[in-house]
Amino acid sequence: MVENENYLCMNEQGEYWRDLRTVLAVAQAGSLSGAARQLGISHATVFRHINHIEERLEAKLFERNRDGYVLTTAGEALTRRIEQFDQDLVVLERQILGQELQPRGLVRITTTDTLLINFLSPIFADLQRAYPDIELEIGCSNELVNLNKREAEIAIRPSKISPDNMVGRKLADIRVGIYGRVQDHQYLLDGAKEIENLNKLREINWIGPDESLAHLRIYKWLQNNDLYGQVKTRYNSLLAVADAVRNGGGIAILPCFMAAIDPTLLALKAPLEGFDNELWLLTHPDLRKVGRIRACMDFLGTEIHKKRHLLEGNLKHAEDHR
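Here the sequence shown is numbered in the numbering used here, starting from 1 and rising by one per residue.
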């Protein structure tokens with residue numbers, strides 16, 4: 001009888017932690033479907049877990065609205081506790097599995113030049129300080145590096161879909177906007193928050209990507225809106241495009257996170273609707289349990305998530321970071 005009672009208690013505790021992890025996933029994803037993808041379970045299962053934990057705690061953890069699931073005050077307090085416990089559990093799991101508390105060795109990471117220079121560099125510096133025995137080799141390329149061929153162990157990539165045979169997770173949406181230089185283009189707003197009619201921009205010099213970046217949605221958008229003819233200066237790098245805007249060369253479409261930390265850039269229309277991309281953190285399935293890879297993946301995922309408002313063009317948060 002005692003053994004049966006112990007089993008039931010352990011089973012209830014397992015369900016309780018399962019439901020808590022589901023709460024954390026919904027809080028991070030902002031939706032049931034996003035949490036379902038992250039956890040690898042069905043939409044209905046996520047819904048059932050949330051209902052179960054709310055009934056058990058006798059508290060409402062989320063407000064449901066058209067934009068998704070938003071944490072209540074009780075939900076925020078619980079999520080903070082779950083995140084801390086989740087981090088502690090990762091450390092404990094590594095100890096139990098005999099993994100190194102201080103991972104060491106070489107980790108090769110690939111990303112794009114735009115993400116590296118404007119967003120990831122300080123995060124990599126923090127990663128190096130957190131794990132001094134890990135050597136980082138950062139590859140900067142706008143071409144997709146093949147993780148299957150071990151050209152890198154970790155990829156941080158903008159993409160609408162997760163590449164085949166890779167494991168990881170979506171970290172954030174990436175949004176873009178039309179930007180000019182504050183001192184040159186303030187008049188275009190004419191007191192408004194943003195430009196509503198693109199016709200106002202048809203007589204302005206544009207800066208844009210050249211044909212080597214024709215695969216970018218920015219390039220295709222300019223063509224589809226009959227604006228590529230106004231692109232008077234072309235570059236094979238978005239970093240160069242942004243620098244040209246800063247120096248008064250014209251206006252351009254740039255990722256919102258580049259402008260969020262640059263007071264010289266003026267948002268003329270941001271973010272652009274229907275222009276979302278996604279940021280993915282990926283590795284090869286054979287590497288996900290390697291100590292140094294797992295440590296880097298966990299660290300990068302946490303730190304990038306903290307700054308997702310910059311990637312997603314959240315203007316209120318972005319202004320706080322200027």
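No residue lacks a Cβ here, since even glycine has one placed at the ideal position from N, Cα and C.
Since this is a predicted model, take the numbers as computed values, not measurements.
* To do: Assuming Thr283 and Ile293 form a contact by the criterion Cβ under 8 Å, report the distance between their Cβ atoms to the nearest whole angstrom.
  => Position 283 of the sequence shown holds residue 283. Position 293 of the sequence shown holds residue 293. The pair is a contact, with the Cβ atoms about 6 Å apart (cut-off 8 Å).
* **One or two residues paired with Glu350 in a DSSP bridge** => Because the chain is modelled from 1 through 322, residue 350 falls outside the range shown and cannot be assessed.
* Report yes if the C-beta distance between Val107 and Arg181 is below 7 Å; otherwise report no. => Counted from its first residue, the sequence shown places residue 107 at position 107. Counted from its first residue, the sequence shown places residue 181 at position 181. Val107 is not a Cβ neighbour of Arg181, given a cutoff of 7 Å.
* Taking all protein chains shown into account, decide if Pro209 is buried (16 or more other Cβ within 10 angstroms of its Cβ) or exposed. => Residue mapping note: residue 209 aligns to position 209 of the sequence shown, counting from 1. It is buried - the Cβ of Pro209 has at least 16 other Cβ atoms within 10 Å.
* Helix, strand or coil for Phe47, going by three-state DSSP, please let me know. => Here residue 47 is taken as the residue at index 47 of the sequence shown, counted from 1. Helix at Phe47.
* Identify the residues that DSSP records as bridge partners of Asn65: which are they? -> As a first step, residue 65 is located in the sequence shown; it is residue number 65 there, counting from the start. For Asn65, the pairing in a beta bridge is given by DSSP as Gly68.
* C-alpha gap between Gly249 and Gln183, whole angstroms -> Translated into the one-based positions of the sequence shown, residue 249 becomes position 249. Translated into the one-based positions of the sequence shown, residue 183 becomes position 183. Their backbone Cα atoms lie some 12 Å apart in a straight line.
* For Ala77, is the classification buried or exposed, using 16 other Cβ atoms within 10 angstroms of its Cβ as the cut-off for buried? -> The sequence position of residue 77 within the sequence shown is 77, counting from 1. Exposed, since its Cβ has fewer than 16 Cβ neighbours within 10 Å.
* For Thr283, name the three-state secondary structure that DSSP assigns. => Translated into positions along the sequence shown, residue 283 becomes position 283. Here Thr283 sits in strand by DSSP.
* Using 8 Å as the Cβ pair cut-off and three pairs as the minimum, do the region 305–315 and the region 213–220 touch? -> No, because fewer than three Cβ pairs between the region 305–315 and the region 213–220 fall closer than 8 Å, the two stretches do not touch.
* My guess is that Tyr179 and Ala252 are in contact by the Cβ rule of under 8 Å, so how many angstroms apart are they, rounded? -> The residue given as residue 179 occupies position 179 in the sequence shown. The residue given as residue 252 occupies position 252 in the sequence shown. Indeed they touch by this definition, with Cβ atoms about 6 Å apart.
* Asked: Can you name the residues that DSSP bridges to Val241?
  -> Taking the first residue of the sequence shown as position 1, residue 241 is located at position 241. Partner(s): none; Val241 has no beta bridge.
* Does the beta-carbon distance from Arg175 to Asp262 come in below 7 Å? -> The residue labelled residue 175 in the question sits at position 175 within the sequence shown. The residue labelled residue 262 in the question sits at position 262 within the sequence shown. No; because the gap between Cβ atoms is not below 7 Å, this pair is not in contact.
* Buried/exposed call for Val23, threshold 16 Cβ in 10 Å -> Here residue 23 refers to the residue found at position 23 of the sequence shown. Buried, because 16 or more other Cβ atoms sit within 10 Å of the Cβ of Val23.
* To which residues of the same chain is Asp331 closer than 6 Å at the C-beta, ignoring the five residues directly before and after it? -> Only positions 1 to 322 of the chain appear in this structure, which leaves residue 331 out of reach.
* To do: Could you give the DSSP three-state label for Tyr228: helix, strand or coil?
  => Position 228 of the sequence shown, counted from the start, is the residue given in the question as residue 228. Helix at Tyr228.
* Per-residue DSSP class, three states only, for Leu268 -> As a first step, residue 268 is located in the sequence shown; it is residue number 268 there, counting from the start. DSSP, reduced to helix, strand and coil, places Leu268 within a strand of the structure shown.
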